[in-house]
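In numbering that gives the first Met the number 0, the protein residues as written are 0 to 168. Think of the CB as a built atom: it goes at the ideal place given N, C-alpha and C, for glycine as much as any other residue. All values derive from a computational prediction rather than experimental measurement. Below: the structure, in structure tokens.
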Amino acid sequence: MNFDELTSEIHYQTQPDPLFKYYVGCALFVLLCIGILQVIAVPQQHSILWFLLAAGCTFLVILVPFVWVGYLWTQIKDPHRELDVIPLPQNRLIRLLFHSSNRITGSCLRRTLLYFVIAMLISFFAIIDVIECDSGLENDDCKSPWYYTYSCALAILVTYSFFRIHFLL
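Structure below.
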């Protein structure tokens, strides 16, 4: 979405983004799809690739509660949106996740930083095997152009699925 007036654009971008949790879930799904493509197309001896992919999936799996707990707690405590104030969780961990979720979805800067981290992470995993392969070797381990095409298309899908991030970034 693009506005003609800069003030309208800034006002729109600074509003809380209730859909950000879905963007992170989509990024996790796409990273898992890239992992499935790598299982199919990449030989098992690329251990650094599998280690890095597991680390990226772990990062996104850890990030998911930080963006979903605020929504889930609100739906549990006030499913019909009748309360003016949602009661805070009593559990310390859930309260931490609840506040973190509200801070992330409510802050344009935090959402943009997470967008950059997630986009770079997914893009890195889409092309990591190209970097890892030695182009001078005459083996068939690195000759799967369709795999790279599909992985890059999935990475582009993630970068464009974050709708409330300004398109000029």
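(message) Less than 8 angstroms between the C-beta atoms of V60 and V23, yes or no?
(response) no
(message) If you measure between the beta carbons of R102 and I164, is that distance less than 8 angstroms?
(response) no
(request) Rounded to whole angstroms, what's the CA-CA distance from L48 to T158? Just pull it up for me. (result) 21 angstroms
(request) Identify which residue in L156, A125, S160 has its Cα closest to the Cα of Q37. (result) A125
(request) With DSSP collapsed to three states, give me the class of D128. (result) helix
(request) Closer than 6 angstroms by C-beta to I117: which residues in its own chain qualify, once you throw out the five before and the five after it? Chain order, please. (result) A26
(message) Counting C-beta neighbours from all protein chains within 10 Å, is the total for I35 16 or more, i.e. buried, or is it exposed?
(response) exposed
(request) Measure the C-alpha to C-alpha separation of S100 and I9 and round it to an integer number of angstroms. (result) 22 angstroms
(request) Can you tell me which of the three DSSP states N90 falls into? (result) coil
(message) Short of 7 angstroms in beta carbon distance, which residues of its chain neighbour S122, apart from the five on each side in sequence? Order them along the chain.
(response) A154
(message) I'd like the list of long-range same chain contacts for Y114, defined as Cβ closer than 7 angstroms, with 5 residues on each side in sequence excluded.
(response) F161, I164
(message) Considering just the uninterrupted stretch of the alpha helix (DSSP H) at V63, what are its terminal residues?
(response) 46-76
(request) Answer yes or no: do C56 and L30 have a C-beta to C-beta separation smaller than 8 angstroms? (result) yes
(request) Using only alpha-carbon positions, find the residue among G105, V129, Q89 that is nearest to Q14. (result) G105
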